[in-house]
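Colleague: Chains as they are written, first to last, in the working numbering: chain R, 562 to 674; chain F, 46 to 160.
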Amino acid sequence: AQSVTQLDSHVSVSEGTPVLLRCNYSSSYSPSLFWYVQHPNKGLQLLLKYTSAATLVKGINGFEAEFKKSETSFHLTKPSAHMSDAAEYFCVVSDRGTYKYIFGTGTRLKVLA
Amino acid sequence: DGGITQSPKYLFRKEGQNVTLSCEQNLNHDAMYWYRQDPGQGLRLIYYSQIVNDFQKGDIAEGYSVSREKKESFPLTVTSAQKNPTAFYLCASSIDGQGVSDTQYFGPGTRLTVL
Numbered sequence: 562a563q564s565v566t567q568l569d570s571h572v573s574v575s576e577g578t579p580v581l582l583r584c585n586y587s588s589s590y591s592p593s594l595f596w597y598v599q600h601p602n603k604g605l606q607l608l609l610k611y612t613s614a615a616t617l618v619k620g621i622n623g624f625e626a627e628f629k630k631s632e633t634s635f636h637l638t639k640p641s642a643h644m645s646d647a648a649e650y651f652c653v654v655s656d657r658g659t660y661k662y663i664f665g666t667g668t669r670l671k672v673l674a
Numbered sequence: 046d047g048g049i050t051q052s053p054k055y056l057f058r059k060e061g062q063n064v065t066l067s068c069e070q071n072l073n074h075d076a077m078y079w080y081r082q083d084p085g086q087g088l089r090l091i092y093y094s095q096i097v098n099d100f101q102k103g104d105i106a107e108g109y110s111v112s113r114e115k116k117e118s119f120p121l122t123v124t125s126a127q128k129n130p131t132a133f134y135l136c137a138s139s140i141d142g143q144g145v146s147d148t149q150y151f152g153p154g155t156r157l158t159v160l
C-alpha cells in the first residue's frame, strides 16, 4: 500500500531564509507526487507535481521539490521565505491502483518577520 | 473564469438536520471528489464520481450521500446519521480520474458547524 509521511507538523523560518518541508513516501511503483498549499479557510492550491519526467520539479511562487528514489523522499524547498508563504502544506501521493489521492497530515509553515 | 465553486462558505446546522453542500465546476472535468478536513489531519475522501450518474464510496462515506446528475455538479448531503459532522468540506475535480498523474483541483471549501 502507498503512504506518505510529512516529518514535521510545524516549521518556523525567518523571512528571507530558506524553507525545507520534508516528505517521505512509500510506494511499490513509481509514484506520482504532489505538493499543495492551503491558506487559512481556503481550498488547496497545487504547487507542483512529479510524474517521472524530471527528478527536480519547479513549481509556482519559487518552490521546487526533488524526487529521490533511493531515499523515498520528495522534500519541498524555497530559497527565500516570504511572509505570504505562511500556510499549511500537504504532500500527496497518487495511488497507482485506484488513482486516489493519499494525503500527508500537513506541515504548518510559520514565517517570522 | 474556469474553476470550482462551493456554497455556502459557512453553514450552521442543528443536530438532527440534513444539509446539502453545493459543488459546481466549469472545467469540463469528468471526475469529482468530496473530502473532509479536520484539524491536524490530512484530507479524507468521502465520495467520488468518475462519470455522470455514477459514484463510489470513499474511506468515510457513512452518514453522507451524493448525487451526480450533471457533469458540472456534485452535491453532498450530510445526514443526521453523521455523528460528528463539524468539519471543513472540500470539493475537487480532475480531468478523468483514470490517470495516475491526474491532478485534482480544489474548491474554496465549506465550513460546517453543528450547533
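C-beta atoms are modelled at their ideal positions from N, C-alpha and C, and glycine is treated no differently. No experiment lies behind these values; they were computed from the predicted model shown.
(1) Taking the C-alpha atoms as reference points, what is the distance between PRO601 (chain R) and GLN143 (chain F)?
(2) What does THR668 (chain R) touch in chain F if you count any residue whose Cβ is under 7 Å from its own?
(3) List the residues of chain R that PHE151 (chain F) touches, going by C-beta distances under 7 Å, in chain order.
(4) In this structure, does DSSP put SER67 (chain F) in helix, strand or coil?
(5) Ignoring anything shorter than 4 residues, give me the alpha helix (DSSP H) runs that lie fully in the stretch 71-132 of chain F, in order along the chain.
(6) If you count every other CB in all the chains shown that lies within 10 Å of the CB of ILE91 (chain F), and 16 or more means buried, which is it?
(7) Quick check on this structure: which residue in F:ARG156, F:GLU60, F:TYR78 has the alpha carbon closest to the alpha carbon of GLN95 (chain F)?
(8) Between LEU56 (chain F) and the rest of its own chain, which residues show a CB-CB distance below 8 Å, the 5 nearest in sequence each way excluded?
(9) What is the DSSP secondary structure of SER641 (chain R), counted as helix, strand or coil?
(10) Scan the stretch 604-629 of chain R for residues whose Cβ lies nearer than 9 Å to a Cβ of chain F and list them as they occur along the chain.
Modeller: Working from what's here:
(1) 30 Å
(2) The premise fails here: THR668 (chain R) is roughly 11 Å from chain F at the closest Cβ pair, so nothing lies under 7 Å.
(3) Against chain R, the beta carbon of PHE151 (chain F) has neighbours under 7 Å at GLY604, LEU605, listed in chain order.
(4) strand
(5) none
(6) buried
(7) F:TYR78
(8) Once the five neighbours on either side are set aside, the close Cβ partners of LEU56 (chain F) are VAL64, LEU66, THR155, ARG156, LEU157, THR158.
(9) coil
(10) GLY604, LEU605, GLN606, LEU607, LYS610, TYR611, THR612, SER613
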